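In this note's numbering, the protein residues as written are 198 to 275.
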């Protein structure tokens, strides 16, 4: 009888650790993917800014290199 209850306790313990492990993995994945999304957004913003500035430069005749560095800088600040 003692043996069976110990076994049950072990099963409970392993079940709880399994879920805890799964939770920690999920948390890690969530934080990594969130970071990834932020990075993607930053890249998108930079590209968008470059595109906008490119259009403006065509109108005003500004040199390309100048506004690209400006775009990267301003996207980083946002």
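By construction, the Cβ of each residue, glycine as well, lies at the ideal position given by its N, Cα and C atoms. Quick caveat: nothing in here was measured; it's all calculated off a predicted structure.
Where residue i falls, given that 16 or more other Cβ within 10 Å makes a residue buried
i	result
residue 268	buried
residue 246	buried
Alpha-carbon spacing of residue i relative to residue j, whole angstroms
i	j	result
residue 244	residue 225	29 angstroms
residue 241	residue 222	28 angstroms
residue 230	residue 263	33 angstroms
residue 239	residue 249	15 angstroms
residue 257	residue 237	30 angstroms
residue 266	residue 235	21 angstroms
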